[in-house]
Amino acid sequence: MTKYQWVKWRRVLIWLAVIIFIGVVLTKGGPTYWSVAISIVSLLFQFAVMIFMAIIQFVAIFWFLARGRTYWILPGETGSTWDDYRGNPEIVENAKRIVTLLKGVKTFKEMGGEAIRGLLLCGPPGTGKSYLAQVIANEAQVPFAYASAPSFQNMFFGVGNLKVMGIYKKARKLANIYGACIIFIDEVDAIGMSRQGGGAGGGGMFGMGMGTGLLNELLLQMDPPNIDTSKIAKFLRSLGLRKKKAERPAVLTIAATNLPDVLDQALLRPGRFDRKLWVDSPDYDGRIDVFQYYLKKVKIDSSLTPERAALDTIGYSPAQIKHIVNESVVIAHQRGAEVANYTDFRDAMETYEWGLKQPLRSMSEDEKRNVAYHEAGHAVAQYLLKPHDRVWKVTIIRRGDALGLAATKPTTERYNRSDSEILAAIQVCLAARAVEEEFLHKKLNGVTSDLQQATLLAGAYLGLVGMGDELFSWNALGSQAEGLRALRPKINLLLKDQMSQVKKLVTEHADFVHSIAQELLKRGDLTGEEIEDIYESIYARTRPEPPIVKIGTVYEKNIQGLLKDFDKLPESDQS
């Protein structure tokens, strides 16, 4: 018998001796001793009942508050398989390796390895992180717990800890039955933020840093010591009858977040979330795969193909694609059709991206003309200057808070931009003001967002990506505002230079501007194909190769003088 077991049994023997002694005294003491003993026992019993009732109420309250909104899914309940997860084949390959480990936990342990404990899924919303976790659980045929991290938080300190302990306790029991268990925690950044920033945990109405307790509990439960989980095993070990080393049940914690950079480093160390998968929006081939999956479930005609739809939805997540396909069917049903077509698909996309059409019937003809020329300026610059984009839609019908808009879509996936493309984007922003001054001979207040975007692009051109006459980066200052302030004279000069160039562009294509504006006044909106038809009807040729946009003479002539004047300023004024 070990020393700690002897100490435990020694306490039992002492209590047993005390009880025997009291019994002997009461037996030999007669009726007087019995009467006193009964009175004392009665008082102790009443006191014990009071304490018991108080404890029951306290436990009941905490039990009620600690009930987590956790959904437990048993093997085969969802039926989600690899065939249902589309668009990211590389992610599926990595996930299959994890399933192999979960299925062969016993063999893997016999080889001397430790079962994987944590998997962090990072990526933007709607890319299928939670769905991937469900597929992993179903393919591995293990129980699956779905929990939202904010649901662990509570106004009372300690309740969140109870929720975390409860879910892991149940997971370990199920892991002993099924061989493994998966816990999925969505939006883990809600409780796992770095403690250095003081934002971890978010629990406890009394403050004083108690929010970190929830994170600490999660850290402990993800990587606990090896202990017996069953009561029988604990009882046998207390008697010294269980010599086998305690084993840790195979519980895999999968968490999802859009903000992996804010997580506490203790969560990311080996033994916790030591594996990361970046689940991003699918590329062109991936979107074709996703559209094939969803379009075969609905009735469509030949105009709506996966390839055409994938080209229009660059940057869309699988959740967005599913929504657009469903909305296409809704629009087709509303117009009385039995199948959805490409026009329904476009309408669904436009409504999703810009909002419902809300025409302003009270708008005067002069104001409509102002908006038409404003959007025509954007459309002409987009059509002539952006080689990797195509004009998608130009409209003067209000959508959301915009009186009109001119939108483009990329022709292919793009991951970087040249200096010429950034300058072209600046000219597109300034084209509306150029048209107002050249054709309407006035300035309107509708260019607010255009000037803001042009300023940010010019600032990035000069002070972020090193495309100007220096390699200054505002990231080194830690503040975009500081960088813009320091570069303000140069930014203004660059904007004036690009304005002069885009004025020349719209003046040379005056017929194109007027035709688009007039058609907008007649129809309300134009598609990219209709814009192209207008250009070809005027110039009898297809769109020319867009020019390489460069910094012009306005900037080059004035920059040296600006730098000389800037160097003469007092040091305090230069900042």
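Everything in the sequence shown is counted per this note's numbering, starting at 26 for the first residue and increasing by one. Where a beta carbon is used, it is the ideal one built from N, C-alpha and C, also for glycine.
Same chain, Cβ closer than 7 Å to residue i, neighbours up to 5 away in sequence not counted
{"i": "N186", "result": "G238, L239, E242"}
{"i": "V350", "result": "Y319, L320, V323"}
{"i": "G296", "result": "R142, D248"}
{"i": "S540", "result": "I559, I563"}
{"i": "G234", "result": "Any reading at G234 must be qualified, since the residue scores a pLDDT of 43, below 50, and its modelled position is unreliable; the value itself is stated next. Nothing listed; no residue qualifies."}
{"i": "G425", "result": "W379, G380"}
{"i": "T106", "result": "V160, N163, E164"}
{"i": "P472", "result": "It should be noted that the sequence gives Val, not Pro, for residue 472. Here the set comprises A457, R458."}
{"i": "A73", "result": "none"}
Selected residue, minimal CA-CA separation from residue i, among the options
{"i": "I631", "options": "G151, A258, P274", "result": "There is simply no residue 631 to check, as the chain begins at 26 and stops at 600 in what is shown."}
{"i": "S173", "options": "Y398, I279, W379, S342", "result": "I279"}
{"i": "N283", "options": "L302, L277, G296, E272", "result": "L302"}
{"i": "K515", "options": "R220, P175, F497, L329", "result": "F497"}
{"i": "R510", "options": "L336, L545, L145, G488", "result": "G488"}
{"i": "L430", "options": "T376, L245, E400", "result": "E400"}
{"i": "I98", "options": "V472, Q159, R415", "result": "Q159"}
{"i": "G577", "options": "L520, I81, R423", "result": "L520"}
{"i": "E272", "options": "K259, I252, A291", "result": "I252"}
{"i": "E463", "options": "L530, G311, T95", "result": "L530"}
{"i": "G508", "options": "I202, Q345, L481", "result": "L481"}
{"i": "K575", "options": "T532, V538, V527", "result": "V527"}
{"i": "L199", "options": "T254, G148, L245, G361", "result": "T254"}
{"i": "G148", "options": "D109, S60, G340", "result": "G340"}
{"i": "Q478", "options": "A362, F260, A450, T376", "result": "A450"}
{"i": "L277", "options": "R35, R220, G217, A196", "result": "A196"}
{"i": "D108", "options": "E390, D299, I86, D314", "result": "D314"}
{"i": "V490", "options": "F70, R442, R333", "result": "R442"}
{"i": "E554", "options": "V416, K468, E495, N517", "result": "V416"}
{"i": "F169", "options": "H413, G138, T95", "result": "T95"}
{"i": "G217", "options": "I86, L261, P285", "result": "P285"}
Inter-residue spacing [alpha-carbon to alpha-carbon] between residue i and residue j
{"i": "V37", "j": "M75", "result": "27 Å"}
{"i": "D550", "j": "L428", "result": "12 Å"}
{"i": "A459", "j": "A404", "result": "13 Å"}
{"i": "D372", "j": "F182", "result": "50 Å"}
{"i": "R394", "j": "K547", "result": "11 Å"}
{"i": "L157", "j": "H348", "result": "18 Å"}
{"i": "F316", "j": "R267", "result": "57 Å"}
{"i": "I257", "j": "A140", "result": "24 Å"}
{"i": "L381", "j": "E392", "result": "21 Å"}
{"i": "K194", "j": "S155", "result": "22 Å"}
{"i": "L336", "j": "R439", "result": "12 Å"}
{"i": "H534", "j": "V396", "result": "18 Å"}
{"i": "T433", "j": "L292", "result": "42 Å"}
{"i": "S525", "j": "T368", "result": "39 Å"}
{"i": "K418", "j": "F370", "result": "14 Å"}
{"i": "F77", "j": "S176", "result": "30 Å"}
{"i": "L594", "j": "D522", "result": "Confidence at L594 is low in this model, with a pLDDT of 38, below 50, so its placement is unreliable and the value that follows should be read with caution. Answer to the nearest angstrom: the Cα atoms are 24 Å apart."}
{"i": "G503", "j": "E390", "result": "48 Å"}
{"i": "H466", "j": "Y398", "result": "12 Å"}
{"i": "A406", "j": "T532", "result": "11 Å"}
{"i": "I202", "j": "P100", "result": "12 Å"}
Short Cβ contact (8 Å threshold) for residue i with residue j
{"i": "P307", "j": "G112", "result": "yes"}
{"i": "A365", "j": "I325", "result": "yes"}
{"i": "D643", "j": "T437", "result": "The structure shown has nothing for residue 643, since the chain only spans 26 to 600."}
{"i": "R566", "j": "E557", "result": "no"}
{"i": "D475", "j": "A501", "result": "no"}
{"i": "L288", "j": "D214", "result": "yes"}
{"i": "I447", "j": "M388", "result": "no"}
{"i": "L127", "j": "V167", "result": "yes"}
{"i": "L144", "j": "I123", "result": "yes"}
N- and C-terminal bounds of the beta strand (DSSP E) containing residue i
{"i": "S173", "result": "169-173"}
{"i": "G143", "result": "143-147"}
{"i": "R300", "result": "300-303"}
{"i": "F209", "result": "206-211"}
{"i": "W97", "result": "96-98"}
{"i": "R415", "result": "414-420"}
8 Å Cβ shell around residue i - same chain, five flanking residues per side excluded
{"i": "R386", "result": "none"}
{"i": "I421", "result": "K393, V396, A397, E400, L428, G429, L545, L546, G549, D550"}
{"i": "K411", "result": "T433, E446, A449, A450, V453, P571"}
Neighbourhood of residue i by C-beta distance below 6 Å, restricted to the same chain and skipping five residues each side
{"i": "D444", "result": "M492"}
{"i": "G232", "result": "Residue placement at G232 is flagged as unreliable, the pLDDT there being 41, under the threshold of 50; a coordinate-derived value is accordingly withheld."}
{"i": "C454", "result": "D475, Q478, A479"}
{"i": "I573", "result": "S445"}
For residue i, the first and last residue of its enclosing alpha helix (DSSP H)
{"i": "F192", "result": "Here the sequence assigns Ile to residue 192, which means Phe is not the residue at that position. Start and end: 184-203."}
{"i": "I556", "result": "553-564"}
{"i": "I279", "result": "Run containing I279: none in the alpha helix (DSSP H); it sits in the beta strand (DSSP E), 276-282."}
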